[in-house]
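Report on the following structure.
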Amino acid sequence: MKSKGSRKKKLHKAPNIYDVARHARVSVFTVSVVVNKNGNVSPTLRRRVEAAVQKLNYRPNLLARGLVKHETHTIGIVVRDIVNPFFPLLVRGVEDAAQKAGYSVLLCNSDDQREKEEQYLELLLSKRVDGILLNKAPGNLSLSLRRLLADSKVPVVLMMRTSSDLKADAVVTDDEKGAFEAVSHLARVGHRLIALVSGPLSVSNGKARWRGFRKALEAGDLQYERDLVIEGDYHIDSGYRAGLSLLPRRPDAVFVANYLMTVGLMKAADEMGLRCPEDFGLASFDDYPWLSCFRPRLTTVELPKYEIGATAVQILLERISGKRSRRALVKLMPELHVRESCGFMLRQRDSKEDSLACQEKPYAASTAPEFQ
Amino acid sequence: MKSRTSRKKKLHKASNIYDVARHARVSVFTVSGVVNNNGNVSAKLRRRVEAAVQKLNYRPNLLARGLVMRQTHTIGIVVRDIVNPFFPLLVRGAEDAAQKAGYSVLLCNSDDQRQKEEQYLELLLSKRVDGILLNKAPGDLSSSLRNLLAESKVSVVSLMRTSPHLKGDAVITEDEKGAFEAVSHWARVGHRRIALVSGPSSVSNGKARWRGFRKALEAGGLQYEQDLVIEGASIGGAGRTGAHHRRRCRLRF
Chain A
1 MKSKGSRKKK LHKAPNIYDV ARHARVSVFT VSVVVNKNGN VSPTLRRRVE
51 AAVQKLNYRP NLLARGLVKH ETHTIGIVVR DIVNPFFPLL VRGVEDAAQK
101 AGYSVLLCNS DDQREKEEQY LELLLSKRVD GILLNKAPGN LSLSLRRLLA
151 DSKVPVVLMM RTSSDLKADA VVTDDEKGAF EAVSHLARVG HRLIALVSGP
201 LSVSNGKARW RGFRKALEAG DLQYERDLVI EGDYHIDSGY RAGLSLLPRR
251 PDAVFVANYL MTVGLMKAAD EMGLRCPEDF GLASFDDYPW LSCFRPRLTT
301 VELPKYEIGA TAVQILLERI SGKRSRRALV KLMPELHVRE SCGFMLRQRD
351 SKEDSLACQE KPYAASTAPE FQ
Chain W
1001 MKSRTSRKKK LHKASNIYDV ARHARVSVFT VSGVVNNNGN VSAKLRRRVE
1051 AAVQKLNYRP NLLARGLVMR QTHTIGIVVR DIVNPFFPLL VRGAEDAAQK
1101 AGYSVLLCNS DDQRQKEEQY LELLLSKRVD GILLNKAPGD LSSSLRNLLA
1151 ESKVSVVSLM RTSPHLKGDA VITEDEKGAF EAVSHWARVG HRRIALVSGP
1201 SSVSNGKARW RGFRKALEAG GLQYEQDLVI EGASIGGAGR TGAHHRRRCR
1251 LRF
């Protein structure tokens, strides 16, 4: 208890609006008008207030302002794990867009656990954030939390994953199309027996990537073989285990639903002495700057991570200001980056058609709205 | 202006402690005692309060509590750029430790620009954070901001980089030793001419890594060749956008 009291005393030192008013010999109202620039004050008074603000090093207490105005200019973002390389660029897109609009961002990591997710959502509501960006963990929210969200009227925008029990705006990517293009590319390169390490089928984008895989096989007249499909959980370990069980069956190529599982699968391949793309072709979701310099250079489906974050903030701000009433479902387009892991360049070299050297070509322009 | 007022009306709907007190027919003080678990309340009253809390789906307003207690249970972290693969794990370490202690983390990206850094620090102080974790941009803070920080008594812990003007606590790594070990390893393997792409010499750890490199050359009896040493600029740079980042993704090697 002692330390609490001394802490209180210390913090009392920050000058408040009353100190400024006393120092400038004006009313609190006059100080407020000068600081918030929202009224007419005579130049003499304005100068006196400004001098006092400078002298006392006064900064408005945004906490108090938030309480009065019912606006904290803070939004919360709940992601699975900022360490998953998918999220930093998305979070950066969020923070940049928020900062430009005068908002700060509270970062929460749910680890894809519903319990942690619910704790964070409760906390964000208690902290009176103006809005929430949510990369939903698998499973439904509890009834009481759904009620709490509805009562609070705090808008939620879902990112990457939709959820049947949350009727909120959402920014997703066209993952089915991305998977379809990647697997069709593997088929075009000449791979017949194509395996899949899928994401969790309990989340919307895990299922969408699986559907894209399946449809590409149909379109290419290839067989869907159940024992060449393994459901992973987007983590390195599950990719490693999938590699250990898939690769001995010697598929021509593997499509992996995210980058971390690809890392695991490549580790398994390395332990088995299998080389990519000589022994098996590979394409994967997610693209990163370093993938174009480490061997094998991976053929990937890139998702516009920064734009996902920035678009989600834009929609959230429209909700906060009351400008949006219709539910938004924004679907951003992925891009296929053809490099060497798919075996395309290998085949080109074999058939001595070096003139057709591979180019990274986007197959679809991003439909992201323009920012700035 | 219209939308503003409608928003206010909407948000007023969140039930507050007075609603709970009215509903449970007790005093606000009793509700506070039950919700904060810090007083003796009879079992009967407690049940009534708990029922009202449940019924109204009441959650304490941490904003109001923060204002009264002068503790927001929020800390700010200012890093150069969360996209730099160095930072996600560091930020996760901070968030995990903060969360365990009941604190939330406001994330800020300074892009290693002093101006952005100062804006964020001012903002964090205005939001009355309880403390700040700072990966300092090169250069000194303005004297007015230093005064502001000193008067606010908000503690700042420096991460990775120290700064002569920040006399607070710091958590850094032994970078000189790390660089010394790596370069000594090259020397042991038999390399004679070793080049360095250094960090910015204007920050403490950029300088420390350079010192480690230099000392390892000396220890190995190797020549320090000026034209094999290049100072790297930080990539963060002004005006980064998603498009800019994607261009970087397409760099071919």
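Chains as they are written, first to last, in this note's numbering: chain A, 1 to 372; chain W, 1001 to 1253. For every residue, glycine included, the Cβ atom is placed at its ideal position computed from N, Cα and C.
- By the Cβ-count criterion, N38 of chain A is exposed, with fewer than 16 other Cβ atoms from all chains shown falling within 10 Å of its own Cβ.
- Under the rule that a run must span 3 or more residues, the beta strand (DSSP E) segments found entirely inside the segment 1144 to 1193 of chain W read 1155 to 1159 and 1169 to 1171.
- Within the segment 1063 to 1079 of chain W, those residues whose Cβ lies closer than 7 Å to any Cβ of chain A are, in chain order, L1063, A1064, G1066, L1067, R1070 and T1072.
- In this structure L133 of chain A is in contact with V94 of chain A, their Cβ atoms being roughly 6 Å apart against a cut-off of 8 Å.
- Per DSSP, reduced to three states, the secondary structure at S1027 of chain W is coil, with no helix or strand assignment.
- The segment 276 to 317 of chain A is shown to contain whole beta strand (DSSP E) runs of 3 or more residues at 281 to 285 and 299 to 302, in chain order.
- Per DSSP, the continuous beta strand (DSSP E) segment holding I75 of chain A begins and ends at T74 to V79.
- Taking C-beta separations shorter than 6 Å and ignoring five residues to either side along the sequence, the partners of V79 of chain A in its chain run F87 and N135, following chain order.
- Counting only Cβ-Cβ distances below 9 Å, S1144 of chain W has contacts in chain A at Q54 and N57, in chain order.
- Boundaries for G1076 of chain W: no alpha helix (DSSP H) harbours it, while the beta strand (DSSP E) harbouring it runs T1074 to V1079, taken from the DSSP string.
- A residue is called buried once 16 or more other Cβ atoms fall within 10 Å of its Cβ, and H73 of chain A is buried on that count.
- Counting only Cβ-Cβ distances below 9 Å, R1161 of chain W has no contacts in chain A at all, with the closest Cβ about 20 Å away.
- Ranked by Cα distance from L1106 of chain W, the first of W:P1085, W:S1142 and W:R1092 is W:R1092.
- Put simply, the backbone Cα of L1148 of chain W is about 44 Å away from that of R326 of chain A.
- Membership of K331 of chain A in the beta strand (DSSP E) is indicated by the continuous run L329 to L332.
- Of the residues W:R1209, W:L1045, W:G1199 and W:S1163, the one whose Cα lies closest to the Cα of A1179 of chain W is W:R1209.
- When Cβ pairs closer than 8 Å are counted between the two stretches, the segment 279 to 293 of chain A is seen to touch the segment 257 to 268 of chain A, the count reaching three or more.
- Residues of the segment 1115 to 1134 of chain W with a C-beta less than 7 Å from any C-beta of chain A: E1122, L1123, L1125, S1126, K1127 and R1128, listed in chain order.
- Taking the C-beta atoms as reference points, E231 of chain A is found nearer than 9 Å to P200 of chain A.
- Counting the other CB atoms within 10 Å of its CB gives M272 of chain A a total below 16, which places it among the exposed residues.
- L1217 of chain W has a beta carbon lying at 9 Å or more from every beta carbon in chain A.
- Residues of the same chain with a CB within less than 6 Å of the CB of L1217 of chain W, apart from the 5 flanking positions on each side, are Y1224 in chain order.
- Between L158 of chain A and D169 of chain A, the CB-CB gap stays under 9 Å.
- For chain W, the residues of the segment 102 to 128 of chain A that bring a beta carbon within less than 7 Å of one of its beta carbons are S104, V105, L106, L107, N109, E122, L123, L125, S126, K127 and R128, in chain order.
- The DSSP-derived three-state label of G212 of chain A is helix.
- One finds A1014 in chain W with Cβ atoms closer than 7 Å to the Cβ of S152 of chain A, taken in chain order.
- For H337 of chain A, the enclosing beta strand (DSSP E) covers residues E335 to H337.
- For V83 of chain A, the neighbours in chain W by C-beta distance under 9 Å run, in chain order, P1088, L1089, V1091 and R1092.
- Shortest Cα-Cα distance from D227 of chain A to any of A:K267, A:D19 and A:L247 involves A:L247.
- Taking a C-beta cut-off of 7 Å against chain A, none of the residues of the segment 1192 to 1213 of chain W qualify.
- Contacts with chain W (Cβ-Cβ distance below 7 Å) from the segment 61 to 75 of chain A involve N61, L62, L63, A64, G66, L67, H70 and T72, listed in chain order.
- Taking the beta carbon of S284 of chain A as reference, no residue of chain W falls within 7 Å; the closest one sits roughly 14 Å away.
- When DSSP states are grouped into helix, strand and coil, D270 of chain A belongs to the helix group.
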